[in-house]
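Peer 1: Starting off with a structure, shown below.
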Amino acid sequence: MKKTPVIIALSLLAFAACKHEDPLLHNAQKYIQALADYDFEEARRYATPETYEISLKYFEESVMPGLDSSFLEHNTPATIRIDSVAFLSDTQATVYYNKKTPLTNANATADMRLRDGQWLGHLLVSPISFHITNSDSDSLAQRPLQQQIDYSKRAPRKRTPAKE
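Basically the working numbering = 1-based index in the sequence shown + 456.
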């Protein structure tokens with residue numbers, strides 16, 4: 457009889473320990489789900505400040521108004537399944553996930569950065585070219601506007617016909 461309360465207490469303690477969720481997985485799930493549902497305010501809570509300033513605001517203010525509302529209605533809700541995580545460093549990880557909507561079923565990745573003890577989504581998109589990068593160093597989105605324009609005006613490669 458005296459062992460019963462101890463067993464119950466240990467069971468509850470073990471159950472509580474199992475419910476502890478990994479902060480990276482939790483924030484990645486919330487960030488990716490918000491993006492998939494086109495909820496940029498919710499995504500902002502789980503994004504780096506530069507992701508919000510450069511990418512999320514741009515999508516919300518410039519891209520979303522031009523999208524067909526029927527596309528949005530038919531492309532939600534999204535189901536997100538995180539498959540794996542690759543740590544690139546102590547402060548950077550790539551999350552591999554599957555996004556399933558009524559219109560698509562695709563595998564993708566999300567870059568996460570550890571900032572001030574919290575894992576946050578990191579995505580930089582250039583308004584000029586929609587160039588998406590996960591790089592902190594030399595991304596097109598971080599170059600001055602004139603360099604982006606010069607880069608986009610490069611002459612295309614000449615195509616040579618295939619030999620038969």
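We treat Cβ as the ideally placed atom computed from N, Cα and C, and that holds for glycine.
#1: Would the region 530-546 count as touching the region 501-511 if we require 3 or more Cβ pairs under 8 Å?
#2: Opposite residue 552 in the DSSP bridges: which residues?
#3: Could you name the residues of the same chain whose beta carbon sits closer than 6 Å to that of residue 578, not counting the 5 residues immediately before and after it, in chain order?
#4: Apply the 10 Å Cβ neighbour rule to residue 574 and answer buried if 16 or more other Cβ atoms are within range, or exposed otherwise.
#5: Give me the DSSP bridge partner(s) of residue 504.
#6: Need the endpoints of the beta strand (DSSP E) that residue 576 sits in, please.
#7: What does DSSP give as the partner residue(s) for residue 535 in the beta ladder?
#8: Under the three-state reduction of DSSP, which class applies to residue 523: helix, strand or coil?
#9: Could you tell me the distance, in whole angstroms, from the CA atom of residue 499 to the CA atom of residue 516?
#10: Hey, how far is the Cα of residue 541 from the Cα of residue 552?
#11: With distance defined between alpha-carbon atoms, name the residue in 491, 520 and 550 nearest to residue 557.
#12: Would you decide whether residue 527 is buried or exposed? Buried here means 16 or more other CB atoms lie within 10 Å of its CB.
Peer 2: The structure says:
#1: These segments do not touch.
#2: The count along the sequence shown starts at 1 and reaches residue 552 at position 96. Note: residue 552 sits in a beta bridge opposite 540 and 565.
#3: As a first step, residue 578 must be located in the sequence shown, where it is residue number 122. 504, 507, 567 and 569, listed in sequence order.
#4: Residue numbering aside, residue 574 sits at position 118 when the sequence shown is read from its first letter. Residue burial annotation: residue 574 is exposed, with fewer than 16 other C-beta atoms found within 10 angstroms of its C-beta.
#5: Along the sequence shown, one-based indexing puts residue 504 at 48. Beta-bridge pairing links residue 504 to no other residue.
#6: As a working mapping, residue 576 is identified with position 120 in the sequence shown. Per DSSP, the unbroken beta strand (DSSP E) holding residue 576 starts and ends at 574-577.
#7: Residue mapping note: residue 535 aligns to position 79 of the sequence shown, counting from 1. By DSSP's assignment, residue 535 forms a beta bridge with 556.
#8: Sequence index remark: in the sequence shown, residue 523 carries index 67 (1-based). Reduced to three states, the DSSP call for residue 523 is coil.
#9: Residue mapping note: residue 499 aligns to position 43 of the sequence shown, counting from 1. Residue mapping note: residue 516 aligns to position 60 of the sequence shown, counting from 1. In this structure, the alpha-carbon of residue 499 lies about 11 Å from that of residue 516.
#10: Within the sequence shown, the letter at position 85 stands for residue 541. Within the sequence shown, the letter at position 96 stands for residue 552. Whole-angstrom Cα-Cα distance: 6 Å.
#11: Translated into the one-based positions of the sequence shown, residue 557 becomes position 101. Here the closest residue by C-alpha is 491.
#12: Position 71 of the sequence shown holds residue 527. Residue 527 is exposed by the Cβ-count criterion.
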